[in-house]
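Trainee: Here it is: the structure, laid out below.
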Amino acid sequence: MNFPHPLMAPVVELALKAGDAILPFWRTGTAVTAKADDSPVTAADLAAHHLILAGLTALDPSIPVLSEEDANIPQSVRAGWQRWWLVDPLDGTKEFISGSEEFTVNIALIEQGRVVFGVVSMPTNGRFYVGGAGLGAWRGDQEAEPLPIQVRTVPAPGEAFTVVASRRHSSPEQERLLAGLSDSLGELQLANIGSSLKFCLLAEGAADCYPRLAPTSQWDTAAAQGVLEGAGGEVLELSGVPFSYPARESLRNEFFLALPAKAAWREKLLALARS
């Protein structure tokens with residue numbers, strides 16, 4: 015398929031190759047070490063990182079790469095970047111270690127702090143998602159033509175309002191928000207899934223909202239944000255402004271809300287999040 019951005023197709027191919035580099039380590043009892051922040055890293059993370067770094071550099075050596083596995087780049091250097099890649103070579107390392115299939119490869123192209131497009135791939139089944147604001151969004155499966163995907167603005171008849179949540183991360187703020195949503199919109203259905211696949215459920219119209227009032231890092235969210243925005247969704251800070259990726263000192267994200275851009279309950283969600 016001819017995607018609308020010239021770098022989309024080669025980055026999809028690169029993300030799938032990174033998945034192939036990860037799989038030999040899956041469910042094999044690969045050694046786990048801890049980084050400075052106590053988050054886990056495995057040989058699979060590093061294998062994917064090195065493959066992606068080489069591939070992106072070959073595509074365009076003028077575009078710098080910020081990867082979770084090579085993130086110690088001073089803010090003074092990053093502040094001069096106008097265009098860069100933001101990469102999580104293996105998003106959902108804890109899911110990977112546990113033997114779950116819910117881990118992904120995330121690659122996003124950023125310009126002036128905004129996502130141009132993102133690619134999210136699933137190593138275990140070859141599925142990928144790709145999209146960007148104004149470009150559209152697609153889901154691809156092995157041996158099949160990628161299909162366009164789109165958010166839903168209301169649940170399908172007979173379906174409950176579905177909120178995506180993290181299996182491993184929540185907070186008191188998030189629990190209060192969910193309680194407020196239930197009071198306003200009726201009984202909620204929770205969809206628990208790992209890694210950046212939470213955004214992808216929204217992008218393909220299988221869920222309605224993903225509030226995240228718990229910690230994440232820039233590489234956790236950028237690629238899937240591109241997919242969601244291409245599918246007609248948006249990611250907002252709690253103030254209501256679009257979520258962005260400035261070259262600030264900390265690579266930790268602010269809290270955010272992911273939702274369909276034309277949702278009738280948008281302002282209600284924002285009000286609940288602020289309270």
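Okay, so the sequence shown: first residue is 15 according to the numbering used here, each after it adds one. Every residue gets a Cβ at the ideal spot worked out from N, C-alpha and C, and that includes glycine. Treat the numbers as computed from the prediction; the structure is a model and nothing was measured.
What residue does the alpha helix (DSSP H) around Pro24 start on, and which one ends it?
Mentor: Start and end: Met22 to Ile36.
Trainee: DSSP state of Arg92, grouped into three classes?
Mentor: Arg92: helix per DSSP, three-state reduction.
Trainee: Rounded to the nearest angstrom, what separates Ile36 and Val144 at their Cα positions?
Mentor: Looking at the two C-alpha atoms, the distance is approximately 20 Å.
Trainee: Taking only runs that begin and end inside the region 52-130, name each unbroken alpha helix (DSSP H) of 4 or more residues, in chain order.
Mentor: With a minimum length of 4 residues, the continuous alpha helix (DSSP H) runs that stay inside the region 52-130 are 57-73, 89-92 and 107-112.
Trainee: Three or more C-beta pairs closer than 8 Å, one from the region 59-79 and one from the region 99-115: is that the case here?
Mentor: Touching, yes, given that three or more Cβ pairs across the two stretches are closer than 8 Å.
Trainee: Going straight from the alpha carbon of Gly254 to that of Ile87, what length do you get?
Mentor: Going by the C-alpha atoms only, they are around 30 Å apart.
Trainee: So which of Ala261, Lys31 and Leu273 has the shortest CA-CA distance to Gly127?
Mentor: If we check each option's Cα against that of Gly127, Ala261 comes out closest.
Trainee: Just tell me which of Ser196, Ala220, Val130 and Phe213 has its CA closest to the CA of Pro171.
Mentor: Taking only the C-alpha atoms, the option nearest Pro171 is Ala220.
Trainee: For the 8 Å Cβ check, are there 3 or more pairs between the region 244-253 and the region 190-203?
Mentor: In short, these stretches do not touch, since the Cβ pair count stays below three.
Trainee: Taking the alpha-carbon of Leu192 as reference, which of Leu284, Pro54, Ile121 and Val25 has the nearest alpha-carbon?
Mentor: Checking every option, the nearest Cα to that of Leu192 belongs to Leu284.
Trainee: In whole angstroms, what separates the C-alpha of Gly132 from that of Gly200?
Mentor: Roughly 33 Å separates the two Cα atoms.
Trainee: I need the straight-line Cα distance from Val25 to Glu189, nearest angstrom please.
Mentor: Cα-Cα distance, rounded: 37 Å.
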